[in-house]
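*Asks:* My questions will all concern the structure given below.
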Amino acid sequence: MQLTNRSKQVSNKEMTLAEKMYLPAVISGLGITIRHLFRKKVTIQYPEVKKYLGPIYRGHHVLKRDEQGRERCTACGLCAVACPAEAISMVAAERKKGEEKLYREEKYAAVYEINMLRCIFCGLCEEACPKQAVYLRHDRMVPVFQERDQVIYGKDRLVEKMDDRYVRAANSEVKATPTEPSLTRAAT
Amino acid sequence: MDLTVLIVRGIIILVLFVITLVIAAYSTYGERKVAAFLQDRLGPNRAGPWGLMQPLADAGKMFFKEDFIPSQASKWLFILGPCLAMLTALMSSAVIPFGDSIRFAWNNINYDVTLQGTEINIGVLYIFGVVSLGVYGVMVGGWASNNKFSLLGAIRAASQNISYEIALGLSIIAILMMTGSLSLRAIVNEQASFFEWNVFTQPLGFVIFLTCAFAECNRTPFDLPECETELVGGYHTEYSSMKLGFYLFAEYINMFVSSAFISTLYFGGFHYPFMNEVGAALETSLGAVTGHNLATAIQFVIFFGKIFFFIFFFMWVRWTLPRFRYDQLMNLGWKMFIPLAILNVIVTGAGLLFNIKYASWLIAIVMIVLAATSMSRAPKREIVPQQS
Ligand code: SF4
Ligand code: SF4
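Chains as they are written, first to last, in the working numbering: chain A, 5 to 192; chain B, 2 to 389.
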């Protein structure tokens, strides 16, 4: 099967004298490499310059709120079941009277934790969620952690802040680069 | 007075020593930069501005690595190997003339001290002797490691050096015949005018010498003794820490020395066009001592320019050509270079009989014509996409 038309037939024919001298080929090869010396370099100097990785980059998790600011998650546990790394755990609770402003459904996650050391950023939790509650942001990375007690992210770090809503559209105009929040924004 | 000359000479040797080490250290940095630029990358740029502290960081890393000696290795030879490599590499730059001379006045008498480790009338022989000792470093190290890969690397290094040293020696016999001396200074002074640089009178000898120099330095495309794809690390598989550092460092020193040697033999050494006019002008305008020293300084800089170009060339070739196969290497050495070098000697000798300096162009032209005809007569190869 032919996949590309770049393959070349290998031939084992006798080399001509010019080829046996190697020099013409050597010189043309040197010409090729010296041209690359003056080419524009493709390197992106990573920590200083960051590349836009596209709207489908899977970064920091976020637990969405709806338009009225209510948490969407209903603690159904489907994300935890879907998670191949078993990184998600939660404790469900029933919504009390007067909490309708806070939680969209009658049942909500009182505790929702993701172990970032286990998470492989596969995005299956996002796919599994029937309530569009959990997303992996394309514009922010999970920051580097040094201590083990920093790796479990609770609701305080996962639930979306009202002044920092996350939108993702395909072909998003938000050409945000995934950045570590600690580097770019004052901790909110 | 002799003491002063001795002291000045000592200072020169010390300075050359330091320069050699610094250049070798920064060649490692240069190598990585050149490699990166030839591959559209940026290369090391984290340690210091533009990564200039990289050699220091490397050396620090080397020092802090575990210095390991395999239990079955022959201990003293194992240590001796890198020492030998380093020693011979450092010794060979002693006879290369880096410039005309430094002049200083003493009791109103001008003394000239040549800018050279030492001037001996068998300089070429000395370099050859020392350089061929260099392979013992590789051989001893490879043998002492008690490892098959190392041993194979060492054997390759030895056989490669034997076969290429002959062609190397023969290729410069033509130069020696033209100069009539083994002294490097005499060879340099012979090339005073631009068109008498040996690269113009001896084009074939130059190509042979250059190729053999690559083989002698174990540089790509002839780096078979340490080829990673076949022999893990070749002769230095078992080495770690600073002993490995010595081997790598010796390679770069060798590269520097061969570049200096090539510039001396074929590119007029410290000579540049209109050197004598510039020197005379400087001496009349600035006085015999300052003017002379300034002229020497210019020569020094020019010479290092040539050396740096060749170091760059070594790297340029390394990142262009793949490694030769072992039989290709041997065929090239024995079946191409040695006969060609002998032919070169004969033709140059015949030319000298009739006072023609450019006789060796004859071979070059014949070869070019032959190559061109063979190329035009060769059947055109069609490139057909592979079907499978
Ligand atoms: S991204 Fe994958 S691994 Fe991470 S929490 Fe979601 S499902 Fe689990
Ligand atoms: S995030 Fe979605 S899938 Fe996970 S528990 Fe909440 S509603 Fe269910």
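Where is the CB? At the ideal position from N, CA and C, for every residue including glycine.
#1: Assuming residue 140(A) and residue 62(A) are in contact, meaning their beta carbons sit under 8 Å apart, how far apart are those beta carbons, in whole angstroms?
#2: Tell me which same chain residues have a C-beta within less than 7 Å of the C-beta of residue 38(B), skipping the five on either side of it?
#3: Between residue 205(B) and residue 364(B), is the Cβ-Cβ spacing less than 7 Å?
#4: Here's the rule: buried if 16 or more other CB atoms are within 10 angstroms of the residue's CB, otherwise exposed. What is residue 329(B)?
#5: At the 7 Å Cβ level, is residue 38(B) part of the contact set with chain A, yes or no?
#6: Sorted by chain position, which residues of the same chain lie with C-beta nearer than 7 Å to residue 192(A)'s C-beta, five sequence neighbours on each side aside?
#7: Against chain A, does residue 316(B) count as a neighbour if the rule is that its beta carbon must be under 7 Å from one of theirs?
#8: Which two residues bound the contiguous beta strand (DSSP E) that contains residue 104(B)?
#9: Between residue 32(B) and the rest of its own chain, which residues show a CB-CB distance below 6 Å, the 5 nearest in sequence each way excluded?
#10: With a cut-off of 7 Å, does the C-beta of residue 54(B) fall near any C-beta of chain A?
#11: What is the rounded straight-line gap between the Cα of residue 223(B) and the Cα of residue 136(B)?
#12: Excluding the 5 residues flanking residue 262(B) on each side, which residues of the same chain have their C-beta closer than 7 Å to its C-beta?
#13: Just to confirm, are residue 260(B) and residue 312(B) a CB contact at a threshold of 7 Å?
#14: For residue 161(A), which three-state DSSP category applies?
#15: Provide the residue span of the beta strand (DSSP E) that contains residue 94(A), from first to last.
#16: Please tell me whether, using a cut-off of 6 Å, the distance from the CB of residue 145(B) to the nearest non-hydrogen atom of ligand 1 is below it.
#17: Which of the three DSSP states, helix, strand or coil, is assigned to residue 114(A)?
#18: Identify every residue that forms a DSSP beta bridge with residue 328(B).
#19: Is the CB-CB distance between residue 335(B) and residue 75(B) below 7 Å?
#20: Taking just the CA atoms, how far does residue 94(A) sit from residue 81(A)?
#21: Please state whether DSSP places residue 75(A) in a helix, a strand or coil.
#22: What are the complete beta strand (DSSP E) segments, minimum 3 residues, inside the segment 208 to 233 of chain B?
#23: Check whether chain B comes within 7 Å of residue 78(A), counting only Cβ atoms and requiring the distance to be less than that.
#24: Would you list, in sequence order, the uninterrupted beta strand (DSSP E) runs of no fewer than 3 residues that lie entirely inside the segment 272 to 334 of chain B?
#25: Taking beta-carbon pairs under 9 Å, can you tell me which members of the segment 101 to 128 of chain A lie near chain B?
#26: Beta carbon of residue 138(A): closer than 6 Å to some heavy atom of ligand 2?
#27: So is residue 32(A) buried or exposed if we call it buried at 16+ other beta carbons inside 10 Å?
#28: With a floor of 3 residues, list each beta strand (DSSP E) that falls wholly inside the segment 29 to 67 of chain A, ordered by position along the chain.
#29: Residue 235(B) and residue 154(B) look like a contact to me (Cβ under 8 Å); what is the Cβ gap, rounded to whole Å?
#30: Just to confirm, is the Cβ distance from residue 359(B) to residue 202(B) under 7 Å?
#31: Who does residue 69(A) pair with in a DSSP beta bridge?
#32: Rounded to whole angstroms, what's the CA-CA distance from residue 275(B) to residue 251(B)? Just pull it up for me.
#33: Under DSSP, the beta strand (DSSP E) around residue 110(B) begins and ends at which residues?
*Replies:* With the structure as the only source:
#1: Confirmed, Cβ separation roughly 4 Å.
#2: 44
#3: yes
#4: exposed
#5: Answer yes: the Cβ-Cβ gap between residue 38(B) and chain A drops below 7 Å somewhere.
#6: Because residue 192(A) sits at a pLDDT of 35, beneath the cut-off of 50, its placement in the model cannot be relied upon, and the following sentence gives the value as read from the coordinates. Only 165, 168 meet the Cβ criterion.
#7: no
#8: Looking at the DSSP string, the run of the beta strand (DSSP E) that includes residue 104(B) is 102 to 107.
#9: If you ignore the 5 residues before and after residue 32(B), its C-beta comes within less than 6 Å of the C-beta of 316, all in its own chain and listed in chain order.
#10: no
#11: Across the structure, residue 223(B) and residue 136(B) are spaced so that their CA atoms are roughly 14 Å apart.
#12: The beta carbon of residue 262(B) sits closer than 7 Å to the beta carbons of 97, 128 from its chain, once the five residues preceding and following it are set aside; these are given in chain order.
#13: yes
#14: helix
#15: Annotation for residue 94(A): the continuous beta strand (DSSP E) segment containing it runs 92 to 98.
#16: no
#17: Note: residue 114(A) maps to strand in three-state DSSP.
#18: Per DSSP, none; premise fails for residue 328(B).
#19: no
#20: CA-CA distance, residue 81(A) to residue 94(A), rounds to 7 Å.
#21: strand
#22: none
#23: no
#24: none
#25: none
#26: yes
#27: Counting the other Cβ atoms within 10 Å of the Cβ of residue 32(A) gives fewer than 16, which makes it exposed.
#28: Runs of the beta strand (DSSP E) inside the segment 29 to 67 of chain A: 65 to 67.
#29: 3 Å
#30: yes
#31: 75(A)
#32: 36 Å
#33: Bounds of the beta strand (DSSP E) holding residue 110(B) are 110 to 115.
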